[in-house]
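Peer 1: Going left to right, the sequence shown walks through residues 2 to 252 as this note's numbering numbers them.
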Amino acid sequence: MGSPARLILAIAGLWLTLVCAPARAADFSDWSAVVVAGDWQGSGGGPTEAFDNARRDVAQALTRVGFRPGNLRQFSTRPDRDKATRPARTDVEAIYRTLENLTAQAQGGCLFYLTSHGSPEGAVVADRILPPRILRLMLDQTCGRRPTVVVISACFSGVFVQPLSAPNRMVLTAARPDRTSFGCGETDRYPYFDACVLSSMPQARDFRALAISTRDCVRRRELAEKVSPPSEPQLSVGAELLPILPLYGFP
2 MGSPARLILA IAGLWLTLVC APARAADFSD WSAVVVAGDW QGSGGGPTEA
52 FDNARRDVAQ ALTRVGFRPG NLRQFSTRPD RDKATRPART DVEAIYRTLE
102 NLTAQAQGGC LFYLTSHGSP EGAVVADRIL PPRILRLMLD QTCGRRPTVV
152 VISACFSGVF VQPLSAPNRM VLTAARPDRT SFGCGETDRY PYFDACVLSS
202 MPQARDFRAL AISTRDCVRR RELAEKVSPP SEPQLSVGAE LLPILPLYGF
252 P
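Right, here's the structure in full:
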């Protein structure tokens, strides 16, 4: 057989190998993650454990789907109360420095999760309001172009969607820009949105499926509790991230 024929057969064999090879699943072992409880006061002004409960249990849920504890940091406004997970104290500058360090060591992707109160100007982070433009700069300078998932659980958190949206990002918020979310009272275990994230994660296939299940869960919870107007969680998935999200499946 002549060399041109052998070359054609070799190319055909290589093509069949590539086509028939199973797609290799990605994982979260090289992702950096930050989970922040932004406040400790409930909607009535008294102390609440809702945000710290969500922070702690969301972080634990992330490790169950493959995030490495060494690449994940937690922040709390009352860190001394949690001797088990030993979170850092919530502070915008400290969060940014931590993102810098984490993204230098874990370069596969980024996750940022904040649970707190919110306003049309942004989300409460300790004694400050974190506006969308500042969070965008923080993520641009640390996570950059890598796959990134941002979750903001707060009233009016839809104000973050447009400023944070990018081809490589998924942004999920607990409410529309003009709506409150619910479950931030002194006796609540979790905000409704965070409770739905946690209850939906074991059945979800990936982050996009988690977002869709969480939105449906929030709608059902608000109907059951007869609260209104509905918060209507918002979701944006960038065009570059959309086709690869299923590769980052939950085990």
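Glycine included, each C-beta is placed from N, C-alpha and C at the ideal position.
(1) Within the same chain, show all residues whose beta-carbon is closer than 6 Å to that of Pro-252, passing over the 5 residues directly before and after it, in chain order.
(2) Just verifying my parser: in three-state terms, what is the DSSP assignment at Phe-76?
(3) Are the region 43 to 62 and the region 130 to 144 in contact at 8 Å, needing three or more beta carbon pairs?
(4) Is it buried or exposed, Arg-190, if we count other Cβ atoms within 10 angstroms and call 16 or more buried?
(5) What is the DSSP secondary structure of Tyr-114, reduced to helix, strand or coil?
(6) Could you give the C-beta distance for Pro-234 and Thr-174, rounded to a whole number, given that I count them as a contact under 8 Å?
(7) Report back the beta-carbon spacing between Ser-44 and Gly-186 to the nearest angstrom; my notes put them in contact at under 8 Å.
(8) Return the chain-ordered list of same chain residues with a C-beta closer than 6 Å to the C-beta of Asp-195, the five sequence neighbours on each side being excluded.
(9) Could you pull the start and end residues of the alpha helix (DSSP H) that Thr-91 belongs to?
(10) Measuring only the C-alpha atoms, how far is Ala-60 from Glu-94?
(11) Using the C-alpha atoms, what's the distance from Lys-84 back to Ala-212?
(12) What's the C-alpha gap between Gly-110 and Phe-161?
(13) Cα-Cα, which of Val-172, Leu-224, Gly-67 is closest to Leu-242?
(14) Please list the terminal residues of the continuous beta strand (DSSP E) segment that includes Met-171.
(15) Suppose only complete runs of 3+ residues qualify. What are the beta strand (DSSP E) ranges in the region 130 to 210, listed by chain order?
(16) Count the other C-beta atoms from every protein chain shown that fall within 10 angstroms of the C-beta of Ser-1, then say buried if there are 16 or more, exposed otherwise.
(17) CA-CA distance, Thr-99 and Ser-33?
(18) Helix, strand or coil for Val-59, going by three-state DSSP, please let me know.
(19) Assuming the contact rule is C-beta atoms closer than 8 Å, Gln-108 and Arg-146 should be a hit. Round their C-beta distance to whole Å, please.
Peer 2: Looking at the atomic coordinates:
(1) In the sequence shown, counting from the first residue as 1, residue 252 sits at position 251. Contacts found: none.
(2) In the sequence shown, residue 76 corresponds to position 75, counting from 1. DSSP places Phe-76 in strand when its eight states are reduced to three.
(3) No, the region 43 to 62 does not touch the region 130 to 144.
(4) Numbered from its first residue, the sequence shown carries residue 190 at position 189. Exposed.
(5) The residue given as residue 114 occupies position 113 in the sequence shown. DSSP, reduced to helix, strand and coil, places Tyr-114 within a strand of the structure shown.
(6) As a first step, residue 234 must be located in the sequence shown, where it is residue number 233. As a first step, residue 174 must be located in the sequence shown, where it is residue number 173. The pair is a contact, with the Cβ atoms about 6 Å apart (cut-off 8 Å).
(7) Taking the first residue of the sequence shown as position 1, residue 44 is located at position 43. Taking the first residue of the sequence shown as position 1, residue 186 is located at position 185. Yes, they are in contact, since the Cβ atoms of Ser-44 and Gly-186 sit about 5 Å apart, within 8 Å.
(8) The residue labelled residue 195 in the question sits at position 194 within the sequence shown. For Asp-195, the CB contacts under 6 Å within the same chain, skipping 5 residues up- and downstream, are Ala-55, Thr-116, Ser-154 in chain order.
(9) Indexing the sequence shown from 1 puts residue 91 at position 90. Careful: Thr-91 lies outside any alpha helix (DSSP H) and carries neither H nor E.
(10) Stepping through the sequence shown from its first residue, residue 60 is reached at position 59. Stepping through the sequence shown from its first residue, residue 94 is reached at position 93. So the two alpha carbons sit approximately 21 Å from each other.
(11) Start at 1 with the first residue of the sequence shown, and residue 212 comes out as number 211. Start at 1 with the first residue of the sequence shown, and residue 84 comes out as number 83. The straight-line gap from Cα to Cα measures roughly 31 Å.
(12) The residue labelled residue 110 in the question sits at position 109 within the sequence shown. The residue labelled residue 161 in the question sits at position 160 within the sequence shown. Between the alpha carbons of Gly-110 and Phe-161 lies a distance of about 20 Å.
(13) Locating residue 242 in the sequence shown gives position 241, counting from the first residue. Here the closest residue by C-alpha is Val-172.
(14) If you number the sequence shown from 1, residue 171 lands on position 170. Counting along the chain, the beta strand (DSSP E) containing Met-171 begins and ends at 170 to 174.
(15) Whole beta strand (DSSP E) segments, 3+ residues: 149 to 154, 170 to 174.
(16) An answer regarding residue 1 cannot be provided, because it is not within the stretch 2 to 252 covered by the chain.
(17) Here the question's residue 99 lines up with position 98 in the sequence shown. Here the question's residue 33 lines up with position 32 in the sequence shown. Taking the straight line from one Cα to the other gives about 10 Å.
(18) In the sequence shown, the residue the question calls residue 59 occupies position 58. Correct three-state label for Val-59: helix.
(19) Residue numbering aside, residue 108 sits at position 107 when the sequence shown is read from its first letter. Residue numbering aside, residue 146 sits at position 145 when the sequence shown is read from its first letter. Here Gln-108 is actually not in contact with Arg-146; their C-beta atoms are around 11 Å apart, not less than 8 Å.
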